[in-house]
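Below is one structure, written out as structure tokens, with a few remarks after it.
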Amino acid sequence: MSGEGRWSGRALVVGSILASLVLVGAYLAAGGSSYEPKQVQDPCQPRPWSNPQTLGQIANQFTISALDGAACKLGVSRETLARALATPEGRERFTQRYGIDDEKLAKAIRAGLVRAVDDAEEAGALPSFIAGPLRQTVQSIPLEQAIEIVNDAQSFLGNAESFLGPAQGLVEQLLPFGP
Amino acid sequence: MAESPRPRVAALALAVGVVLADSSIVVLALPEIYRDFDTSVSGVTWVLVSFNLVIALAAVPAALFARRVGPGRTAAVGLAIFAGAGLACGLSDQLSTLILARCIQALGGAAAVTAALELLPATVGSERRAATVWAAAGATGAALGPAVGGILTELVSWQSIFLIQVPVALAAAVPILSVAKHEAATGIIEAEVRQTGKPHLWANLALAMVSAAIAAALFLLVLLLIEGWRLSPIEAALVVSVMPLAAILGSRLAERVGDTRSRAAAGAILVSGGLAGLAFLPKATIVLTIPPQILVGLGLSLVLSALTETALHGRSPQAIHGGWTISSRHAGVVIGLLALTPIFTAEIDQQRHDAIDAGTAVILDSPIDPLLKLDLAQKVSDQLEREKGKVPTIEPAFEPKPEDPGQRAEVEQLQGELQDQLDRGATHAFSTSFILAALLGLIALFPIGLSRRVDL
Chain A
986 MSGEGRWSGR ALVVGSILAS LVLVGAYLAA GGSSYEPKQV QDPCQPRPWS NPQTLGQIAN
1046 QFTISALDGA ACKLGVSRET LARALATPEG RERFTQRYGI DDEKLAKAIR AGLVRAVDDA
1106 EEAGALPSFI AGPLRQTVQS IPLEQAIEIV NDAQSFLGNA ESFLGPAQGL VEQLLPFGP
Chain B
4 MAESPRPRVA ALALAVGVVL ADSSIVVLAL PEIYRDFDTS VSGVTWVLVS FNLVIALAAV
64 PAALFARRVG PGRTAAVGLA IFAGAGLACG LSDQLSTLIL ARCIQALGGA AAVTAALELL
124 PATVGSERRA ATVWAAAGAT GAALGPAVGG ILTELVSWQS IFLIQVPVAL AAAVPILSVA
184 KHEAATGIIE AEVRQTGKPH LWANLALAMV SAAIAAALFL LVLLLIEGWR LSPIEAALVV
244 SVMPLAAILG SRLAERVGDT RSRAAAGAIL VSGGLAGLAF LPKATIVLTI PPQILVGLGL
304 SLVLSALTET ALHGRSPQAI HGGWTISSRH AGVVIGLLAL TPIFTAEIDQ QRHDAIDAGT
364 AVILDSPIDP LLKLDLAQKV SDQLEREKGK VPTIEPAFEP KPEDPGQRAE VEQLQGELQD
424 QLDRGATHAF STSFILAALL GLIALFPIGL SRRVDL
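Residue numbers (our numbering), protein chains in the order written: chain A, 986 to 1164; chain B, 4 to 459.
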């Protein structure tokens, strides 16, 4: 074997190492190992309301707060609970997987609705004298109705007067989004 | 009058090319096959694994059989079996029958390829020239395989990949029939009978490891492009053509360096470097796959030729030692696929779980109507659950779109955001497998270091 041939062989090996290191270094420097899947937030941590203006926006925030509150109580993520409550089949799968009975689920959802009312009041989206009766109302409603409120908060807030009894008629005038 | 050797050389080269192309031709069709048969990535991998496994097991016995019965008859019968099984593959309506037909196809293929190496010295004049023709035909077939497979899958169907092999294999068998008839009539076998040496352990072991890494590179990259990034088979075929093009350049480079051990080491390093590059792609962009593919392509041409030359150097008969190299390479492919597929599918599953939560979070945080968002969250979740064992797609969950233009725009934006999450997650899901494949390439440096240096 010639000396030139040996040199060529070594040069080829060194060149290959350099080319590989340059490529991998460049890709790492450009963020090649930085991917992290989007993490879900802890439902027990407060989630600030983003100054909702319309009934739709308030309903949106209300739903999120209610899901957070209920998920926190059950020890699951808000995302898992949202999927569970969307359909009766989803709810059945969820209760079986986590070993949760209807009573426990109802308690958690009521707690979530209370948290939603609290958050709405704190954000100024619901006056205190409406928040109070609403809080009392959601604390005693049956499970199916509680789920319905989480899934369709807009109708609930829009028709809040039907739940309020003595405060009937006031909501439309007093809610910040108006009639 | 003496027969011209050219048609026979062309036929033998065609036989070797079409059989060895078959080990990779189906790669770009796998996503179509797994959708057609509604199976998982692990299930469809067996379309590839079965073929390579049977070739790995049958190559050496087939070479011995060819020397005993006659290489002409073995090659002709092998090609007939390959063609018949190819027809069965194309007509399969179940994954199990497709896999069975692939096993039979591999048996025929192993017989044809090893018998071809036994026939070539008598046809081209020397063992060295025969080995060159044989290796070049195999490399060309393996290089062109994925691109041809991708084009046929998109323009016709995945079945056409197998059906088109039937006339090609039969055409290759025709010029060999005269040798087979001669053997049958006279009992004279054209192959020289000489003592066989021991197979080159280190070179064959290194071949297996490097082949595992290369197979993983091709298989994973194709799945990433078609399933992860939603490219069509033709687009993916164009993208992965970078590897064989770089391999052609690499073969020119290989001719200039005589020391096989240095070539093998440089090749293994380049293959590993390219695979590490694919593991750390900074973005889900096609352009960024090109530099790593160039390294893998250059590396594979250097390392495969150097190790094959080392394994065959000074050993006789070539067919049996060629059988060992074929066996090692295909065993490597099987090991690579079987070792990395579970890791890769587990990563996809983890990514699917992350995607379900991330997707629901994106939907819940969106400004769309709460009723619609909860419905969407459920549909996306159901869709991703249905895609268990596959790279997930969410498009069906967003159909039909709302009629209200405002809601529609918001839903479309949401779908885009979610798809971006999934694309990034899908790219990430391949990283561990690419890193492990790169490590396999680096581990091959040990047997390469232990192999005797051969100066050619």
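For each residue, glycine too, the CB sits at the ideal point set by N, CA and C.
Grab me the residues of residue i's own chain with a C-beta within less than 8 Å of its C-beta, minus the 5 sequence neighbours each way, in chain order.
i, result
"T126 of chain B", "P8, R11, V12, L15, A133"
"P405 of chain B", "L375, R411, V414"
"L459 of chain B", "At L459 of chain B the pLDDT is 48, less than 50, meaning the model places this residue with poor confidence; the figure from the coordinates comes in the next sentence. Answer for L459 of chain B: G261, T263, E312, H316, listed in chain order."
"G1060 of chain A", "none"
"A1131 of chain A", "A1091, I1094, R1095, L1098, V1123"
"I348 of chain B", "In the sequence as presented, Ile is not what sits at residue 348 of chain B; that position holds Thr. Only S43, V44, S45, G392 meet the Cβ criterion."
"G428 of chain B", "Q354, D357, A358, A361"
"A250 of chain B", "A142, A146, G300, L301, L303, S304"
Can you tell me whether DSSP reads residue i as helix, strand or coil?
i, result
"D458 of chain B", "Because the pLDDT at D458 of chain B is just 49, under 50, the model does not fix this residue reliably, and the value given afterwards should be weighed accordingly. Of the three classes helix, strand and coil, the one that applies to D458 of chain B here is strand, per DSSP."
"D1137 of chain A", "coil"
"D372 of chain B", "coil"
"D262 of chain B", "strand"
"G280 of chain B", "helix"
"P405 of chain B", "coil"
"I167 of chain B", "coil"
"I1126 of chain A", "coil"
"A287 of chain B", "coil"
"K201 of chain B", "coil"
"L1149 of chain A", "No answer about L1149 of chain A holds up, because its pLDDT of 48 lies below 50 and its placement is not dependable."
"N207 of chain B", "helix"
"T1039 of chain A", "coil"
"R318 of chain B", "coil"
"I323 of chain B", "helix"
"A1110 of chain A", "coil"
"T1072 of chain A", "coil"
"C1057 of chain A", "helix"
"S244 of chain B", "coil"
"V1156 of chain A", "Confidence at V1156 of chain A is low in this model, with a pLDDT of 48, below 50, so its placement is unreliable and no value can be given for it."
"I1115 of chain A", "helix"
"R433 of chain B", "Here the sequence assigns Phe to residue 433 of chain B, which means Arg is not the residue at that position. In this structure, F433 of chain B counts as coil in the three-state DSSP scheme."
"P8 of chain B", "coil"
"E420 of chain B", "helix"
"I229 of chain B", "helix"
"L155 of chain B", "helix"
Going by Cα to Cα distance, which pick from the options is closest to residue i?
i, options, result
"I289 of chain B", "B:M246, B:A239, B:G335", "B:A239"
"L60 of chain B", "B:P399, B:S331, B:V383", "B:S331"
"W137 of chain B", "B:L147, B:G128, B:L123", "B:L123"
"A441 of chain B", "B:A215, B:V47, B:V21, B:S163", "B:A215"
"L90 of chain B", "B:A219, B:L101, B:L291", "B:L101"
"W1034 of chain A", "A:R1078, A:I1094, A:E1107", "A:E1107"
"F85 of chain B", "B:V30, B:Q168, B:R70", "B:Q168"
"I58 of chain B", "B:D25, B:S45, B:R71, B:V44", "B:D25"
"R255 of chain B", "B:G73, B:V242, B:L301", "B:L301"
"A1014 of chain A", "B:D41, B:L284, B:A113", "B:L284"
"R1120 of chain A", "A:V1135, A:Y1083, A:A1101", "A:A1101"
"S244 of chain B", "B:L31, B:V72, B:A175, B:L17", "B:L31"
"L1070 of chain A", "B:E35, B:F449, B:A380, B:F437", "B:A380"
"S1005 of chain A", "B:R131, B:A115, B:L241, B:L445", "B:L445"
"S1140 of chain A", "A:L1066, A:Q1024, A:N1045, A:P1073", "A:N1045"
"A78 of chain B", "B:Q386, B:R71, B:G111, B:L226", "B:G111"
Considering only residues of the same chain and omitting the five flanking positions on each side of residue i, which have a CB-CB separation below 6 Å?
i, result
"E157 of chain B", "S235, P236, I237"
"K382 of chain B", "A400"
"L310 of chain B", "A206, A209, L210, A267"
"G20 of chain B", "A140, T143, G144"
"L443 of chain B", "M212, A215, A216"
"C1029 of chain A", "C1057"
"L17 of chain B", "A175"
Cutting at 7 Å between CB atoms, please list the residues of its own chain near residue i, excluding the five before and the five after it.
i, result
"D372 of chain B", "Q410"
"G988 of chain A", "Reliability fails at G988 of chain A, whose pLDDT of 45 lies under 50, so the model's placement of it is uncertain and the value that follows must be treated cautiously. Excluding residues within five positions, none has a Cβ falling inside 7 Å."
"L56 of chain B", "V337"
"C92 of chain B", "L101, A104, R105, Q108, F165"
"V63 of chain B", "I323, G326, W327, S330"
"V365 of chain B", "L417, E420, L421, Q424"
"V29 of chain B", "V50, L51, G152, I164"
Name the chain C residues that come within less than 9 Å of residue i, Cβ to Cβ?
i, result
"I1043 of chain A", "Judged by its chain identifiers, the structure shown contains no chain C, and its protein chains are A and B."
### Task
Within the segment 91-146 of chain B, note down every full alpha helix (DSSP H) run reaching 4 residues or more, in order along the chain.
Every unbroken stretch of the alpha helix (DSSP H) spanning 4 or more residues and falling wholly within the segment 91-146 of chain B is given here in chain order: 98-127.
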